[in-house]
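Data block below; observations after.
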Amino acid sequence: MKRTIMSYMVATILSLGAVIGLVIQPSALMAQTQTQQTPSPTSVASTPKSSSASTTAITPLTNPACGEVVQGSVNLTANLNCTGDGLIVGADNTVINLNGYTVSGPGQQSSKVGVVVPNNDNIMVMGPGVIKGFQAGILATGSNNVQIKSIILTGNEIAVFTTGSTNTQVEENIIKNNDLGVASHSSKGASLMSNLITGNQLAGVTLVNTHKAIIAANNIEGGQNGLFLDAQSSDNTINMNNVLHNVIDLNNANGLAPNINVNSFADNNCMVSNPSGLCIGR
34 MKRTIMSYMV ATILSLGAVI GLVIQPSALM AQTQTQQTPS PTSVASTPKS
84 SSASTTAITP LTNPACGEVV QGSVNLTANL NCTGDGLIVG ADNTVINLNG
134 YTVSGPGQQS SKVGVVVPNN DNIMVMGPGV IKGFQAGILA TGSNNVQIKS
184 IILTGNEIAV FTTGSTNTQV EENIIKNNDL GVASHSSKGA SLMSNLITGN
234 QLAGVTLVNT HKAIIAANNI EGGQNGLFLD AQSSDNTINM NNVLHNVIDL
284 NNANGLAPNI NVNSFADNNC MVSNPSGLCI GR
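Our numbering numbers the first residue of the sequence shown as 34 and each following residue consecutively.
Dropping the structure here:
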């Protein structure tokens, strides 16, 4: 049963990664029709970035619509009830402030994303506010320095999903009642700190082929796995977390000794780990 759950969890992450192209493709037309200066999310991955994106003065946007490509300073002034994607980041140095409002999607079985960050750098998505009902609440792909702070993410298949990204910061969020809380695939240098991650069915945090992440001072509870790392994830630091009331609280590659994939576990308050010995006093 445990093997089946782990296989499904990893397959979910990989399959969602494969869906990224389908999620982003419709956005390319929107980007082209809205502005000549904004690169489409699909073209950014293969086209060198223009340094002018970060220096162009942009009027703050206060009434974004579902599916809109946004840049600069974006402040919600109403809830967004979306049948497709929520917001698509179209330039570096974009700040999205939910401003106390909710971005709702068509359901976690859809291929839709609440906030898409495709190959952009220095992005902030901040609350207070809620993102719910998407396949991925926030998706960062090929991006650097994405900060996600003070948001409630609930009812998504994956609340926060990073793939091929570096230095993603996930801080002070409430991530609850998703299939997966935070999932990182082929990413590096993530920081997960001071989050409440609860009631996520398969896992609170999942790292697949992820390196040099720091996971500290989080409360992770109520899932099949609190924190799972696969055998290809290395040089990660997991310190001072409360990881409780999961079937397995800390799971290093289904029992792989942490010195083999060079992951560090210290001062974690938990009850059950695989292998044993990763919890304080146990």
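Every residue gets a Cβ at the ideal spot worked out from N, C-alpha and C, and that includes glycine.
- M304 sits in coil when the DSSP states are folded into three classes, being neither helix nor strand.
- Residue state for S176 is assigned as coil, using DSSP reduced to three classes.
- In the three-state scheme derived from DSSP, where H, G and I count as helix and E and B as strand, F194 is classed as strand.
- For A223 against N258, the beta-carbon gap comes to about 17 Å, at or over 8 Å, which does not count as contact.
- The beta carbon of N178 is closer than 6 Å to those of D154, N155 and N200 in its chain, skipping five residues each way along the sequence.
- One Cα belongs to N274, the other to G140, and the distance between them is close to 31 Å.
- Under a 10 Å Cβ-count criterion, G310 is classified as exposed, with fewer than 16 other Cβ atoms of the shown protein chains found around its own Cβ.
- DSSP places S144 outside both helix and strand once states are collapsed to three, so it counts as coil.
- When only Cα atoms are considered, A111 and G147 end up about 15 Å apart.
- Note that the C-beta distance between N302 and V276 is below 9 Å.
- Bridge partners of I207 according to DSSP: I185 and L229.
- Proximity to F167 across M157, Q265, G100 and Q142 peaks at Q142, based on C-alpha coordinates.
- In the structure shown, L283 falls within a strand segment according to DSSP collapsed to helix, strand and coil.
- Rounded to the nearest whole angstrom, the CA to CA distance from A290 to M304 is 17 Å.
- For I156, the three-state secondary structure derived from DSSP is strand.
- At the C-beta level, N233 and G197 stay beyond 9 Å of one another.
- It is roughly 6 Å from the alpha-carbon of D282 to the alpha-carbon of S306.
- Taking C-alpha positions only, P97 is separated from V122 by approximately 11 Å.
- In this chain, the beta strand (DSSP E) harbouring A249 covers I247 to A249.
- Put simply, the backbone Cα of I164 is about 31 Å away from that of F298.
- Contact between T174 and P151 holds: their C-beta atoms lie close to 6 Å from each other, under 8 Å.
- Spatial neighbours of A169 in its own chain (CB-CB distance under 6 Å, excluding positions within 5 residues in sequence) are listed in chain order as V146, I191 and F194.
- Here G288 is exposed, its C-beta having fewer than 16 other C-beta atoms within 10 Å.
- The beta carbon of S227 is closer than 7 Å to those of E204, E205, A250 and N251 in its chain, skipping five residues each way along the sequence.
- Of the candidates G100, C115, Q104 and I207, I207 places its Cα closest to the Cα of I253.
- Residue N132 holds the alpha-carbon nearest to the alpha-carbon of N108 among A124, M157, C115 and N132.
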